[in-house]
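By the numbering used here, the letter at position 116 of the sequence shown is numbered 1026, and the numbering carries on one by one without gaps.
Glycine residues also receive a C-beta, built at the ideal position from the N, C-alpha and C atoms.
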Amino acid sequence: MIKNNESMEMYLETIYLIAQKGIKVHSIDVATEMGYSKPSISRAMRILEKNGYIVFHQDGEIELTKAGFARASDVYLKHTVLTNFFISLGANKEVAEDNACKIEHIITDELFNLIKEKVQNDNPDETKGN
911 MIKNNESMEM YLETIYLIAQ KGIKVHSIDV ATEMGYSKPS ISRAMRILEK NGYIVFHQDG
971 EIELTKAGFA RASDVYLKHT VLTNFFISLG ANKEVAEDNA CKIEHIITDE LFNLIKEKVQ
1031 NDNPDETKGN
């Protein structure tokens, strides 16, 4: 169930990543990916729908709304940039991703933009188009 912004963003990011694979997203896909029970996912999806972040199609497919896509892609961008930044500092990929996942939800835009700029300057090809 969605208890806070971080949880909501994790659900949105998961939907986003599944959809990026070209797969029609259903609640069971989100449950499998996140390791949560289907009832927990169903409750969370209803909250995301109520808040205007997703829509359900008749076949049960979950689609991000414009607002949902914007929020999810923003979280994923933060995750990617922070992971690359931590790796550039010498962290191994697993540690970098784990910490990026925690920080992506609380970092201020000001600090994130400074890190993003640093990563882009150090590795211009890794953040193209973001």
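DSSP beta-bridge partners for ILE1044?
-> Given a span of 911 to 1040 for the chain in the structure shown, any question on residue 1044 remains unanswerable.
Comparing alpha-carbon positions, which option in ASP1008, ILE997, ALA982 lies nearest TYR921?
-> Taking the first residue of the sequence shown as position 1, residue 921 is located at position 11. Considering only alpha carbons, the answer is ALA982.
Between LYS960, VAL935, ILE938, which lies nearest to MET918 when the distance is taken from Cα to Cα?
-> Locating residue 918 in the sequence shown gives position 8, where the first residue counts as 1. Closest by alpha carbon: LYS960.
Please report the residue range of the alpha helix (DSSP H) in which LEU999 lies.
-> As a working note, residue 999 is residue 89 in the sequence shown. Careful: LEU999 lies outside any alpha helix (DSSP H) and carries neither H nor E.
Own chain, CB closer than 8 angstroms to MET911, minus 5 neighbours either side, in chain order | Taking the sequence shown and counting its residues from 1, one reaches residue 911 at position 1. Residue placement at MET911 cannot be trusted, given a pLDDT of 44 that sits under 50; the coordinates are not used to answer.
Could I get the ranges of all uninterrupted alpha helix (DSSP H) runs contained in the region 924-958, with 4 residues as the minimum, in chain order?
-> 937-944
Please work out which residues of its chain come closer than 7 angstroms, Cβ to Cβ, to THR924, disregarding the five sequence neighbours upstream and downstream, and give them in chain order.
-> As a position in the sequence shown, residue 924 is number 14, starting the count at 1. Around THR924, the same chain offers VAL940, GLU943, MET944 as residues with beta carbons nearer than 7 angstroms, after the five sequence neighbours per side are excluded.
Test item: CB-CB of VAL1041 and HIS1015 under 9 angstroms | Outside the modelled stretch of the chain, which goes from 911 to 1040, sits residue 1041, for which no answer is possible.
Counting pairs of beta carbons, one from the region 970-980 and one from the region 1017-1024, are three or more of them closer than 8 angstroms?
-> Contact between the region 970-980 and the region 1017-1024 is not established, with fewer than three Cβ pairs separated by less than 8 angstroms.
Relative to the C-alpha of PHE1022, which residue among GLY962, LEU987, ILE933 is closest?
-> Working through the sequence shown from its first residue, we reach residue 1022 at position 112. Closest by alpha carbon: LEU987.
List the whole-angstrom C-beta distance separating ILE997 from ALA1006, where the pair is believed to meet the contact cut-off of C-beta under 8 angstroms.
-> On the sequence shown, position 87 is the one that residue 997 refers to. On the sequence shown, position 96 is the one that residue 1006 refers to. Confirmed, about 5 angstroms.
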